[in-house]
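Take any residue in the sequence shown, note its place counting from 1, add 15, and you have its number in our numbering.
Even for Gly, the Cβ is constructed at its ideal location relative to N, Cα and C.
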Amino acid sequence: MGEILILLLIFSAIWYWWDTQQCNEVALQVCRQKCSAANFQLLDATVTRERSWLRRGNGGAVQICRLYSFEYDSGAPSGFIYSQPEPRSEFGEREQGYIVLIGKQVVETHLGSKGI
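What follows is the structure, given as structure tokens:
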């Protein structure tokens, strides 16, 4: 009985790691799309998982919610117009956005104070 419990725990840990990696990829892809559509530059080409929690999905099943943060450059600080696309990071400031996933479905995305 003890061996089955250990195997179940190992399997659960591997599944959680694999599922988290897939969600990271989904979050990164959506962040790239949102930043590109808004003509922003995704910085560091990464998302960071801030927290995870359990929540009931639409069908009533318990699913894992994940909150990811990312940084982007909107191009220029407020009050300053910079028309050339490069180099953005020398003139702009790092701004923070976030994305929320329930399972592998994106339910919320925010770029700064604007929900985009």
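I think residue i touches residue j, with their Cβ atoms under 8 Å apart; what is that distance to the nearest whole Å?
i: Leu-57; j: Phe-85; result: 6 Å
i: Arg-70; j: Tyr-83; result: Actually they do not touch by this definition, with Cβ atoms about 15 Å apart.
What did DSSP end up calling residue i once you bin it into helix, strand or coil?
i: Val-62; result: coil
i: Gly-112; result: strand
i: Phe-55; result: coil
i: Ser-67; result: strand
i: Ser-84; result: strand
What does the alpha-carbon distance come out to for the pair residue i and residue j?
i: Thr-124; j: Trp-30; result: 26 Å
i: Cys-80; j: Tyr-113; result: 13 Å
i: Ile-19; j: Asp-59; result: 42 Å
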